[in-house]
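Numbering (full-length UniProt numbering), first residue to last: 1 to 943.
Beta carbons are placed, not taken as given, at the ideal position from N, Cα and C, and that holds for glycine.
To keep things clear, I will list the structure first and then write my remarks on it.
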C-alpha cells in the first residue's frame with residue numbers, strides 16, 4: 001500500500017519516482033509547446049493550473065525502498081564492496097543474492113557477471129512493477145474519492161461501461177451541421193492536458209481526425225481521461241460545435257466535439273512510440289508494424305495500394321482479360337535456381353514460385369487468349385536493399401498477340417496511366433505526403449519507348465562507361481534523370497534488352513539475335529515492370545534451354561504445352577510495391593507492403609523452454625526444493641535422459657542450479673551414468689565436475705559416463721583427463737521428410753488388413769487393452785537376449801507423451817472389440833532434440849509392415865528432429881587419451897560383442913526411415929575401467 005506524505009528521501013538513495021515524473025513532465029511540456037498553435041485554448045484562465053494534474057505527491061512504499069537499496073547494491077563498485085553486496089540485508093533481492101553466493105564456488109568470473117547482470121535486470125523489473133502498483137493504488141484512492149464527490153449521472157459519463165448506441169465514423173460525423181449530438185468510436189491520437197478541469201483531445205479514425213474539448217466542473221472526469229494512453233480506443237458522445245479558429249492538427253478543421261461522455265473500449269499500454277510524433281527510423285516503424293500502420297499516412301497509403309489493384313482489375317476486365325490463380329508450389333525453378341525458396345513437399349523437393357510465368361504461358365496455350373493474375377511472388381535474393389523484397393505482390397499479364405509484343409506494352413501503359421490519373425485526384429495523396437514528401441508524377445500522353453542502345457548512348461554521352469549488358473541500379477537512376485531532361489517525363493519504356501540479360505523463354509530479335517523482343521518500364525529511373533515476347537516453338541525452346549545449361553527435369557508439363565502447339569504470345573510482370581514506392585517516393589519499398597519479408601525477416605529466435613518455471617539459469621522460486629525431473633527432461637533432455645524415470649535410477653541434484661544427473665549403482669564398484677546433465681548447455685561443465693566429485697568422494701564409486709554428447713565428452717576428456725570412445729550413435733530422423741505418412745504398399749496393406757492407425761489420448765479402456773497386448777509381447781520375448789536401456793512403462797509422464805496406435809476390429813466371445821496390434825509412444829525432449837520414438841511395439845500376430853506404417857503416421861504428425869534413441873555404430877572409434885594396443889583390443893572385443901548379440905538389428909530397422917547417426921560417447925577415468933570390466937557395461941543394458 002502506498003502512503004501519501006512528505007518526500008524525505010536521503011541524498012544517497014536514487015529517486016526513481018522523481019526521475020520518472022520528470023521524464024513524463026518534460027514530454028508533456030514539449031507536446032504542449034508544439035500544440036499551442038494547433039489546438040485552441042478555449043479557457044485561458046485555466047492556464048495557471050497546467051501542472052496540477054500530473055501526479056499526486058506521495059512517498060514510495062517500504063517495498064520500493066528495499067528495491068532501491070537492492071538496485072544500488074547491485075550496481076558496479078569496487079571489488080572490496082562485492083562481499084558487502086552479497087551479504088546484505090536478507091530481505092533485499094534474496095533470489096539474486098542466494099543464487100550468486102550459492103554458485104560462486106563453482107562458477108567462473110564470466111558466469112558471476114552473467115548472474116549479476118540478470119539480477120540487475122530482475123531488480124529493475126521489480127522496481128517498475130512496484131511503480132506500476134503504486135500508481136494503481138493512487139488511482140484506486142482517486143476513484144474512491146470520485147465515488148464520494150460525484151453523483152451517479154456524472155459517474156456514468158466515463159469509465160469502462162457504456163450504453164449500446166448507433167455509432168458513426170468521424171467522416172460521417174463531420175458531414176453533420178454544428179449542434180448535433182453524435183456518438184463515435186475512435187483512438188486517442190494526442191492529448192493536451194491544460195488543467196485538471198480542461199483537456200484537448202485529438203481523436204483519430206483511420207484517415208480522419210477531429211478535435212475534442214473536455215471541460216468539467218469536477219476534476220475526476222478530466223483526470224480519468226488524461227490517464228489514458230495514446231492509441232486507446234474510446235467511445236465518445238458529444239455535441240458538434242464550430243471552433244474559434246480552424247484546428248490545424250486535425251484533418252477536419254472547422255468542427256470540433258464538445259465531449260459529454262467518454263468510455264474506454266480497449267486501453268493501449270506500453271507503446272514503443274507515439275504516432276503523434278512517430279520515429280524517423282525505418283527499423284523502429286517496421287518492427288512495430290501494427291502501431292505504425294495506424295498512422296493516417298499509412299492508412300492513406302494502403303488505400304492508394306487498393307486503388308492500384310482495383311484499376312488493374314478494371315482495365316484488364318474491360319479489355320477482355322480473364323483473371324486466373326496459379327499454384328505457388330512448383331516442381332522446378334522458373335528463372336534461376338539460385339534465387340528460389342526450396343520447400344519440403346511431402347518428402348519431395350519443390351519450389352516457391354518466382355513468378356506465375358510458366359503457368360501463364362501454359363494457360364495461353366490452353367486457348368484462354370488473354371489472362372492476368374494478382375498474387376504473391378517469391379525471390380530468394382539475399383539483397384538487403386531498399387528496392388528488394390523476398391516476397392512481393394505481382395501484377396502479371398499474358399496474352400496471345402496478333403502482330404508483335406508491343407501490344408503488351410500498350411496494355412500495361414494504359415493501366416499505368418489510369419493509376420496516375422486516379423492518384424492525382426485522391427485526397428489520400430496529401431496524407432501520404434505528410435510523412436513522405438513527393439513531387440507530382442510527370443508523364444506524357446505518348447509514352448517514350450527508348451531502344452536499349454539509345455539508353456546506353458545517353459549514358460555514354462554523360463561520361464559513364466557502360467557495356468552492352470543489363471544496367472546497374474545506379475546507371476538506371478541516372479538514365480531516368482537524363483530521360484527527364486530530354487523527354488520531360490518520369491515514366492518511360494526501355495526496349496530491346498540484350499539476350500544475356502533475359503530468361504530462357506524470351507524471344508530473340510529476328511534481325512539480330514544478340515537482342516531480344518523484351519522491355520522494362522521505369523518510374524523516376526526505377527524499374528517497375530519487365531516483359532516481352534515468349535518463345536512459342538517447342539524445338540526452339542528446348543534448344544534455348546540446352547544452350548543455357550538447363551535441365552528438362554521438372555519442366556515436362558511446361559514443355560508439353562508447346563508440343564501441343566502454342567500461339568505467339570507475350571506478357572509482363574509488374575511489382576505492386578515498386579509502383580507505389582517510386583510513384584510516391586517512399587524511399588523504401590518495404591513501406592509499400594503491409595508486413596514486409598526481406599532477408600532479415602523471420603529472425604531465428606531463442607528457443608523457449610516448455611517449462612520456463614524450471615530454468616536452471618534462474619534461481620528456484622521460493623518453496624521449490626527441486627525441479628520435477630519430467631519437466632527438466634522436456635527442457636533439456638535427449639533420448640537417453642527419459643530412462644531416468646525408471647525405478648532403478650537414482651537422481652542427483654546440483655545445489656545451486658537445480659540441475660539433475662541420473663545414475664545406477666552397479667556391483668558396489670561403479671556408478672553407471674547415462675546421458676547429459678539436465679541443465680542449460682552453458683552450465684554443463686560445472687555440473688559435470690560437481691557430480692563426478694560427488695560420485696568419487698561421497699559414493700566412493702568409479703563413475704562410468706555413457707551415451708553423452710560431444711560437448712560432455714570434451715569436458716570429461718579435456719578437463720578431467722578421462723578416456724573416451726564412441727561405439728554408439730543417436731539415431732535421428734527429420735520428421736519433415738515424412739509429412740505424407742504411410743504411402744504406396746504400406747498404405748494399401750493397412751487398408752487391406754482393415755487396420756485403423758491414429759493418434760489418441762489413452763483412456764482406461766485403451767490402456768487395459770494395450771497392457772494386455774504388451775504382456776503378450778513380453779511373454780513372446782522371454783529368454784531372448786536383448787540390449788535395452790529403459791523399461792516398458794508407457795503410462796509414465798503422460799503429459800510429455802504422444803500415443804499412436806494401430807487397432808483392428810476382432811471377434812472375442814461373440815462381440816467385436818478393438819485389438820491393439822501396434823503402438824508407438826513418443827516422448828518429448830528438449831526443443832533442439834524434438835521427440836523420441838520411445839517405444840515402437842509390434843504385437844504378436846500383427847501383419848508385417850504395420851509397425852512401419854504406425855511409425856510413419858507418428859513421424860507425419862511431427863515437425864523437425866525425432867530420434868529413435870541410441871543404436872550401435874559399425875565400429876568402435878577411440879576418443880581422448882585412448883590409443884595403441886588398448887584401442888585395438890577394445891575395437892576387436894567390440895566387434896565380437898556386436899556379432900554375438902546382433903546389436904545392429906535395431907539400427908538396420910531404423911535405416912528404413914532414413915535415420916542418420918550422431919555419435920555419443922562412453923567416458924571413464926584412467927585406470928578406472930579394465931578390459932574385463934566392459935562386461936559390466938553390457939550387463940547394465942541386458943535384460
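Distance, residue j Cα to residue i Cα
i: residue 112; j: residue 204; result: 50 Å
i: residue 404; j: residue 517; result: 9 Å
i: residue 407; j: residue 401; result: 7 Å
i: residue 174; j: residue 255; result: 7 Å
i: residue 47; j: residue 429; result: Here residue 47 scores only 39 on pLDDT, less than 50, and its place in the model should not be relied on; the value that follows carries that caveat. Taking the straight line from one Cα to the other gives about 38 Å.
i: residue 55; j: residue 221; result: Confidence at residue 55 is low in this model, with a pLDDT of 37, below 50, so its placement is unreliable and no value can be given for it.
i: residue 512; j: residue 498; result: 10 Å
i: residue 535; j: residue 560; result: 14 Å
i: residue 49; j: residue 602; result: Note that residue 49 has pLDDT 40, beneath the 50 cutoff, so the model's placement of it is unreliable and the number below is only indicative. Straight-line Cα distance between these residues: approximately 49 Å.
i: residue 501; j: residue 480; result: 19 Å
i: residue 745; j: residue 351; result: 27 Å
i: residue 453; j: residue 505; result: 22 Å
Beta-carbon proximity of residue i to residue j, cut-off 7 Å
i: residue 707; j: residue 870; result: yes
i: residue 588; j: residue 258; result: no
i: residue 527; j: residue 537; result: no
i: residue 347; j: residue 735; result: no
i: residue 290; j: residue 232; result: no
i: residue 730; j: residue 920; result: yes
i: residue 371; j: residue 339; result: no
i: residue 702; j: residue 675; result: no
i: residue 523; j: residue 470; result: no
i: residue 857; j: residue 757; result: yes
i: residue 229; j: residue 268; result: yes
Other residues of its chain near residue i: CB distance less than 8 Å, five sequence neighbours each side excluded
i: residue 699; result: 665, 671
i: residue 509; result: 496, 515, 516, 517
Element boundaries [beta strand (DSSP E), containing residue i]
i: residue 198; result: 198-205
i: residue 295; result: Per DSSP, residue 295 belongs to no beta strand (DSSP E) and is neither H nor E.
i: residue 522; result: 518-523
i: residue 764; result: From DSSP, residue 764 is part of no beta strand (DSSP E) but of the alpha helix (DSSP H) over 764-780.
i: residue 266; result: 256-266
i: residue 921; result: 916-924
i: residue 823; result: 815-828
i: residue 966; result: Residue 966 is absent from the model: the chain starts at 1 and stops at 943.
i: residue 808; result: 801-812
i: residue 378; result: 370-378
Range of the contiguous alpha helix (DSSP H) that encloses residue i
i: residue 705; result: No alpha helix (DSSP H) holds residue 705; the beta strand (DSSP E) holding it covers 702-708.
i: residue 172; result: 170-173
i: residue 631; result: 629-636
i: residue 361; result: 357-363
i: residue 851; result: 850-860
i: residue 556; result: 556-563
i: residue 684; result: 684-693
i: residue 283; result: 282-287
Of the listed residues the options, nearest to residue i (C-alpha basis)
i: residue 201; options: 207, 193, 208; result: 193
i: residue 581; options: 455, 541, 441; result: 441
i: residue 632; options: 276, 725, 610; result: 610
i: residue 678; options: 379, 712, 703; result: 712
i: residue 656; options: 691, 649, 642, 676; result: 691
i: residue 293; options: 129, 167, 596, 330; result: 596
i: residue 330; options: 554, 816, 745; result: 554
i: residue 327; options: 356, 319, 911, 759; result: 356
i: residue 726; options: 882, 127, 150; result: 882
Chain-order list of residues whose beta-carbon lies under 6 Å from that of residue i (same chain, five-residue window excluded)
i: residue 301; result: 432
i: residue 834; result: 864, 865, 866
i: residue 929; result: none
i: residue 392; result: 377, 575, 577
i: residue 477; result: 525
Interface flag, residue i vs chain B, CB-CB below 7 Å
i: residue 764; result: You won't find chain B in this structure, because it holds only one protein chain.
Neighbourhood of residue i by C-beta distance below 7 Å, restricted to the same chain and skipping five residues each side
i: residue 311; result: 415, 418, 419, 422
i: residue 492; result: 447, 448, 450, 483, 522
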